[in-house]
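Those letters in the sequence shown? Residues 0 to 100, by numbering that gives the first Met the number 0.
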Amino acid sequence: MNCIREGRRQKAEGRRQKGEGRRQKAEGRRQKAEGRRQKAEGRRQKAEGRREKAEGRRQKGEGRREKAEAKKRLEGRKFNYISNIKSACNGSFIRNRVCRR
Numbered sequence: 000m001n002c003i004r005e006g007r008r009q010k011a012e013g014r015r016q017k018g019e020g021r022r023q024k025a026e027g028r029r030q031k032a033e034g035r036r037q038k039a040e041g042r043r044q045k046a047e048g049r050r051e052k053a054e055g056r057r058q059k060g061e062g063r064r065e066k067a068e069a070k071k072r073l074e075g076r077k078f079n080y081i082s083n084i085k086s087a088c089n090g091s092f093i094r095n096r097v098c099r100r
């Protein structure tokens, strides 16, 4: 009688261990999936950073171009001959001299 009970006990122990193994396996799978999710999120953030950086560079270029255009527009007005009027440069009176604006 005792040996039958012992056999049953061992069988139950085996089933319990089997379940434990399954649970560990499932946990491992969950962790793996979480790792993949984090990795993907990191890649997304990296890509977003690259996009923002590119946008900044583009804006910088636009500003530089606008500045160059403005400079070209002012090219013709570089030397203004002023006689006996207040200079726009420094507020001093200039008599028959060139004022650099």
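By construction, the Cβ of each residue, glycine as well, lies at the ideal position given by its N, Cα and C atoms.
Predicted model only: the values in this text are computed from it and were never measured.
Please list, in chain order, all residues of the same chain as residue i whose beta carbon is under 6 Å from its beta carbon, the five residues on each side excluded.
| i | result |
| --- | --- |
| A11 | none |
Alpha carbon to alpha carbon, what distance is there between residue j and residue i?
| i | j | result |
| --- | --- | --- |
| Q37 | E47 | 15 Å |
| G62 | E51 | 17 Å |
| A53 | E65 | 18 Å |
| A25 | Q16 | 14 Å |
| R7 | A32 | 38 Å |
| Q58 | R42 | 24 Å |
| R35 | G20 | 23 Å |
| R29 | R22 | 11 Å |
| R49 | R56 | 11 Å |
| A39 | G27 | 19 Å |
| Q44 | K70 | 39 Å |
| N1 | G18 | 26 Å |
| G60 | R72 | 18 Å |
| E5 | R14 | 14 Å |
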